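**Q** Under the working numbering, the first residue of the sequence shown carries the number 33, and numbering increases by one thereafter. Below: one structure in structure tokens.
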Amino acid sequence: MPREQDDKLAQTEHDQYHSAAYAAAGEAQMSFTPINQIHQHLCGLHIYSHDPTRAVKAHHYCTHLRQDLHQCVIYDSDDKIARLIGIEYLIPEDVFITLPEDEKKYWHSHKYEVDSGMLMLGTKSLVPNAMTDVAERPAMLELHRTYGKTTHTWAFDQHPDLPLGPPQIMMAYTEDSQVDKALLEERDREMGVDTSSKRETRKGYLLKDNLERPPAKGADQIWSKGRKGQLEWVDQA
């Protein structure tokens, strides 16, 4: 069959792909229904399950697939050129305790993240902190006794330009002594928030039993059992 166009025209059309006009046309013509269900922005810190000395900021953009299941896409920032670095699933404690014991090693608790003020809503810069504290209450009451299964596909702290290396199972801090305080302070400055202030505020409204009761057994095995893990490629014999 004869070619419908020469290579010069094909190159011209190809060049349109990265143009603002082509992006705008795509936005007008295509469906983004799953993405449009995202209605919550959470920010916290994640640590690598095989190396808890490495922590990164994690901006979660979440939807509630069901009442007992959140699903989040994770970026390294809230900027328009943020890197997509992973995903996280969140389930309540009553679901977590029913998981097979071997499955639980992949999951971390959110109790300390909520208690400490580290996990917070990412609100727009014009929203006063006092309004954010009020808006956070239902979310933190919901998230306090949840558990997350997180995979990062881009270790941007080591490979900023490309998502190199294996996917990584990520975990969370469970006490103050573990925290990368410099990174947390950097996050607070960037977002104009104060983690320590949120800790004090949350003491006043989080359920007393949930504050005092430790996370369910089986989670946070990097801390509770000293177990470290990393996904590896296995060649067939």
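A virtual CB, placed ideally from N, CA and C, is assigned to each residue, including glycine. Here the structure is a predicted model, which is why all the values come from computation and not from measurement.
1) How about M202 and S81: do their beta carbons lie closer than 8 Å?
2) For the beta strand (DSSP E) holding A90, just list the boundary residues, first then last.
3) Could you pull the DSSP bridge partners for H140 from this structure?
4) Count the other CB atoms, across all protein chains shown, that sit within 10 Å of the CB of L151; report buried if there are 16 or more and exposed otherwise.
5) Can you tell me which residues form a DSSP beta bridge with I201?
6) For the beta strand (DSSP E) containing L283, list its first residue and its last residue.
7) Does the separation of the CB atoms of H102 and A204 fall below 8 Å?
8) Is it true that the CB of A87 sits closer than 8 Å to the CB of H78?
9) Have a look at A214, E125, Q190, T185 and flag the residue whose alpha-carbon is nearest the alpha-carbon of Q200.
10) On the criterion of 16 or more Cβ atoms from any shown chain inside 10 Å, does I254 qualify as buried, or is it exposed?
11) Assess, as a yes-or-no matter, whether the stretch 124–140 is touched by the stretch 180–198 under the definition of 3 or more beta carbon pairs within less than 8 Å.
12) Considering only C-alpha positions, which residue in the set F64, V166, S51, E120 is nearest to K230?
13) Report the residue from H176, H92, S157 whose alpha carbon sits nearest the alpha carbon of E125.
**A** Looking at the coordinates:
1) yes
2) Residues 83–98.
3) Under DSSP, H140 forms a beta bridge with G180.
4) Burial call: buried.
5) T183
6) Only positions 33 to 269 of the chain appear in this structure, which leaves residue 283 out of reach.
7) no
8) The answer is yes: Cβ separation under 8 Å.
9) T185
10) buried
11) yes
12) V166
13) Comparing Cα positions, the closest option is H176.
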